[in-house]
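Asker:
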Amino acid sequence: MIANTILQQLGGHGFTVMTGSRNYINLGNGLQMSLARNKTSANRLKIILDEDTDTYTMYFYRQTLTKYADIRVKEIAKYEGVYFDMLQQIFTDITGLYTRL
Numbered sequence: 826m827i828a829n830t831i832l833q834q835l836g837g838h839g840f841t842v843m844t845g846s847r848n849y850i851n852l853g854n855g856l857q858m859s860l861a862r863n864k865t866s867a868n869r870l871k872i873i874l875d876e877d878t879d880t881y882t883m884y885f886y887r888q889t890l891t892k893y894a895d896i897r898v899k900e901i902a903k904y905e906g907v908y909f910d911m912l913q914q915i916f917t918d919i920t921g922l923y924t925r926l
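Each residue of the sequence shown is one higher than the one before, counting from 826 in my numbering.
So, in structure tokens, the structure goes:
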């Protein structure tokens, strides 16, 4: 339910088409997705709901697999206290990808 709400607040199907995001994962209290190539090289986004403040935390990061099968994670940006109407603007500011026409 929370993951679907987040996706709708980002723009729903139009968001998916415009940004090339894919591999959506329901985290229970949030949503994780893979991102298309963008200006910051972040390839993952995790959006977590803070139920106490009814705001979100957005984690943009780059996840890579080394030749020894280790997973390396590099944080690109983290935003806390994000209201639902700020999700699209922050996404566009960080990735350079527009969420709608």
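Where a beta carbon is used, it is the ideal one built from N, C-alpha and C, also for glycine.
Could you name each continuous beta strand (DSSP E) segment of 3 residues or more that falls completely within the region 851–913, going from the start of the chain to the end?
Answerer: 855–859, 869–875, 880–890 and 896–907
Asker: Check whether the region 895–907 and the region 832–844 touch, using three or more Cβ-Cβ pairs below 8 Å as the test.
Answerer: no
Asker: Using the beta-carbon count (16 or more within 10 Å), is residue 912 buried or exposed?
Answerer: Working through the sequence shown from its first residue, we reach residue 912 at position 87. Residue 912 is buried by the Cβ-count criterion.
Asker: Need the endpoints of the alpha helix (DSSP H) that residue 830 sits in, please.
Answerer: For the purposes of this step, residue 830 is identified with residue 5 of the sequence shown, where counting begins at 1. It spans 827–835 - the alpha helix (DSSP H) in which residue 830 sits, taken as one unbroken run.
Asker: Skipping 5 residues on each side, what residues in its chain have a beta carbon closer than 8 Å to that of residue 854?
Answerer: The residue you call residue 854 lines up with position 29 of the sequence shown. Cβ within range, chain order: 827, 873, 874 and 876.
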